[in-house]
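**Student:** With the sequence shown counted from 1, adding 139 to any position gets you the working numbering. Quick reminder that beta carbons are idealized off the backbone N, C-alpha and C, glycines included.
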Amino acid sequence: MPRRILLINGPNLNLLGTREPHIYGSTTLDDVVLQAKDHAKSMSAEVEAFQSNHEGAIVDRLHAARGAIDVVVINPGAFTHTSVAIRDALLGIEIPFVEVHISNVHSREPFRSKSYLSDKAEAVICGLGVFGYTAAIEFAARHVKIKNRAHL
Numbered sequence: 140m141p142r143r144i145l146l147i148n149g150p151n152l153n154l155l156g157t158r159e160p161h162i163y164g165s166t167t168l169d170d171v172v173l174q175a176k177d178h179a180k181s182m183s184a185e186v187e188a189f190q191s192n193h194e195g196a197i198v199d200r201l202h203a204a205r206g207a208i209d210v211v212v213i214n215p216g217a218f219t220h221t222s223v224a225i226r227d228a229l230l231g232i233e234i235p236f237v238e239v240h241i242s243n244v245h246s247r248e249p250f251r252s253k254s255y256l257s258d259k260a261e262a263v264i265c266g267l268g269v270f271g272y273t274a275a276i277e278f279a280a281r282h283v284k285i286k287n288r289a290h291l
């Protein structure tokens with residue numbers, strides 16, 4: 140049975156390719172998702188993608204993943220630095236997750252260095268540009284220990 144990966148992108152990531160290209164590059168979110176799906180397929184895994192600018196929608200999608208997804212790859216965007224709700228949802232669903240950021244958040248404004256998720260993530264990838272998604276998908280597909288596959 141293929142490993143199922145949920146790729147979540149938070150606020151403003153729908154603007155990839157046009158928003159601050161000097162920081163985030165010119166690759167669009169559609170391109171990122173297509174590359175993630177292709178890369179996962181090459182490793183006999185599946186990716187389902189979700190993007191929202193709304194915290195509650197992300198929480199709801201995480202809740203819906205319970206019992207259906209093996210690993211979450213999440214770029215929470217600005218919610219990285221503010222969302223206890225997303226942290227609690229990730230802990231509550233008990234699905235391992237990988238946190239990914241396009242830019243090196245540690246070389247930017249000081250507030251971007253604080254993540255509400257990193258201490259619970261299986262891995263944190265930042266500063267690799269959109270290649271970070273490829274690294275995160277590969278890690279999720281090959282290396283993250285699945286907690287319970289009985290539900291699949």
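1. Let's see if you can read the secondary structure: which residues bound the alpha helix (DSSP H) around ARG142?
2. Just checking my contact of ILE208 with ARG143 at CB under 8 Å: how many whole Å lie between their CB atoms?
3. ALA280 and ALA184 look like a contact to me (Cβ under 8 Å); what is the Cβ gap, rounded to whole Å?
4. Which value, in whole angstroms, describes the spacing of the CA atoms of VAL186 and ARG247?
5. Between which two residues does the beta strand (DSSP E) harbouring GLU185 extend?
6. Any idea which residues DSSP pairs PHE278 with across the strands?
7. Assign HIS245 to one of three DSSP states: helix, strand, or coil.
8. Between which residues of its own chain and LEU229 is the CB-CB distance below 8 Å, once the five residues before and five after are set aside?
9. Can you list, in chain order, the residues of its chain with a C-beta nearer than 8 Å to that of THR273? Leave out the 5 residues immediately preceding and following it.
10. Whole angstroms are fine: how far does the CA of GLY268 sit from the CA of ILE232?
11. So the candidates are ILE162, THR219, THR166; which of them puts its Cα closest to the Cα of GLU238?
**Tutor:** On the basis of the data shown:
1. The residue labelled residue 142 in the question sits at position 3 within the sequence shown. Counting along the chain, ARG142 falls outside any alpha helix (DSSP H), though it belongs to the beta strand (DSSP E) covering 142–148.
2. Position 69 of the sequence shown, counting from 1, holds the residue named residue 208. Position 4 of the sequence shown, counting from 1, holds the residue named residue 143. Right, the Cβ-Cβ distance comes to about 5 Å (below 8 Å), so this counts as a contact.
3. Position 141 of the sequence shown holds residue 280. Position 45 of the sequence shown holds residue 184. The Cβ separation is near 4 Å, so the contact holds.
4. Position 47 of the sequence shown, counted from the first residue, corresponds to residue 186. Position 108 of the sequence shown, counted from the first residue, corresponds to residue 247. Computed Cα separation, rounded: 30 Å.
5. Within the sequence shown, the letter at position 46 stands for residue 185. In this chain, the beta strand (DSSP E) harbouring GLU185 covers 184–190.
6. What you label residue 278 is simply residue 139 of the sequence shown in a count that begins at 1. Answer by DSSP bridge pairing: none, since PHE278 is not bridged.
7. As a first step, residue 245 is located in the sequence shown; it is residue number 106 there, counting from the start. Here HIS245 sits in helix by DSSP.
8. Within the sequence shown, residue 229 is the residue found at index 90, counting from 1. If we look at LEU229 and ignore the five residues flanking it on each side, its Cβ neighbours are LEU201, VAL211, ILE213, PHE236, LEU256, LYS259.
9. As a first step, residue 273 must be located in the sequence shown, where it is residue number 134. Apart from sequence neighbours up to five positions away, the residues of its chain that approach THR273 with a beta-carbon distance below 8 Å are GLN174, ALA175, HIS178, ordered along the chain.
10. To locate residue 232, count along the sequence shown from 1; it is residue 93. To locate residue 268, count along the sequence shown from 1; it is residue 129. Cα to Cα, ILE232 sits roughly 28 Å from GLY268.
11. In the sequence shown, counting from the first residue as 1, residue 238 sits at position 99. Put simply, of ILE162, THR219, THR166 the residue whose alpha carbon is nearest the alpha carbon of GLU238 is THR219.
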